[in-house]
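Student:
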Amino acid sequence: GAVVSQHPSWVICKSGTSVKIECRSLDFQATTMFWYRQFPKQSLMLMATSNEGSKATYEQGVEKDKFLINHASLTLSTLTVTSAHPEDSSFYICSAITGLAGGSHYEQYFGPGTRLTVT
Amino acid sequence: GESVGLHLPTLSVQEGDNSIINCAYSNSASDYFIWYKQESGKGPQFIIDIRSNMDKRQGQRVTVLLNKTVKHLSLQIAATQPGDSAVYFCAEFTSGTYKYIFGTGTRLKVLA
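For the protein sequence lines, the chains are A and B, in the order given. In terms of my numbering, the first sequence opens at residue 1037 and continues consecutively. In terms of my numbering, the second sequence opens at residue 111 and continues consecutively.
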């Protein structure tokens, strides 16, 4: 089956530093990748939709200058948390889908998540 | 029985019994509904999906029921096993916006 990896799986950083999280589709090309954020005992909250070669579309309330998303290839999207603060500590999960844009639902393959702790 | 925890409702079932997990969705224009299973510290795993023009779909040990009249979705797990213990999320996909919106989630605890 389709595999999505994330790196790192966990990271601890100091307040004010930036952290980059990578999301890769290992055996398929992903036209679209999604980035989610999940707090403990809560659901997944969509942060942004990332399409290869174009700017990411951010959900309302998500600061695009703080959460920089780059989708430079069909197999790699990155999320950079800039000037991280303790309130940014969370579980960040990416997912990838493939297929035609719009009109149809395609199975969403999730990465294993990245646990970010900002001290 | 069912209880509401701090954020996630919890459903406790005996091993071997059937489980029914419910979900209310919000957008009547959603095209697909999907159930995911998430184990602790991991990303969600696809279980089963259903198109909006269907009312029932069966998989291996799982059945999804869709009631569009009341915007309700359920996941039935037959002969629940310890390995089914996890948090279950429903999600709705809308082709107009091309994104997935997740429901609150339910923690399933299987009692031996």
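Note that beta-carbon positions come from the ideal geometry of N, C-alpha and C, so glycine has one too.
Hey, is the segment 1072 to 1092 of chain A in contact with the segment 124 to 142 of chain B, meaning 3+ C-beta pairs nearer than 8 angstroms?
Tutor: no
Student: Could you tell me the boundaries of the beta strand (DSSP E) in which Thr120 of chain B lies?
Tutor: 119 to 124
Student: Quick one: Cα of Val114 of chain B to Cα of Asn163 of chain B, how far?
Tutor: A caution first: Val114 of chain B carries a pLDDT of 39, below 50, which makes its placement in the model unreliable, though a value can still be read off. Going from the Cα of Val114 of chain B to the Cα of Asn163 of chain B covers about 32 angstroms.
Student: Which chain A residues sit within Cβ distance under 8 angstroms of Lys152 of chain B?
Tutor: Pro1148, Gly1149
Student: Which of the three DSSP states, helix, strand or coil, is assigned to Asp1124 of chain A?
Tutor: Residue state, collapsed to three classes: helix.
Student: For Asp194 of chain B, does the three-state DSSP call read helix, strand or coil?
Tutor: helix
Student: Specify the secondary structure class of Lys152 of chain B as computed by DSSP and reduced to three states.
Tutor: coil
Student: Nearest-angstrom Cα distance between Tyr135 of chain B and Gln1078 of chain A?
Tutor: 16 angstroms
Student: Pull the bridge partners of Met1081 of chain A from the DSSP assignment, please.
Tutor: Met1081 of chain A is bridged to A:Arg1073.
Student: Out of curiosity, what's the CA-to-CA distance linking Thr190 of chain B and Tyr146 of chain B?
Tutor: The straight-line gap from Cα to Cα measures roughly 16 angstroms.
Student: Thinking C-beta only, is Cys1059 of chain A closer than 7 angstroms to Gln1042 of chain A?
Tutor: Going by C-beta atoms, Gln1042 of chain A is nearer than 7 angstroms to Cys1059 of chain A.
Student: Report the option in A:Phe1064, A:Ser1119, A:Tyr1094, A:Ala1066 whose CA atom is closest to the CA atom of Gly1052 of chain A.
Tutor: A:Ser1119
Student: Once DSSP output is grouped into helix, strand and coil, what is the label at Tyr210 of chain B?
Tutor: Looking at Tyr210 of chain B - three-state DSSP - the assignment turns out to be strand.
Student: What do you reckon, are the CB atoms on His1107 of chain A and Ser1086 of chain A nearer than 7 angstroms?
Tutor: yes
Student: Quick check on Gln1096 of chain A: does DSSP put it in helix, strand or coil?
Tutor: coil
Student: Do Ile1129 of chain A and Tyr1094 of chain A count as a contact pair if the criterion is CB distance below 7 angstroms?
Tutor: Cβ atoms of Tyr1094 of chain A and Ile1129 of chain A: not closer than 7 angstroms.
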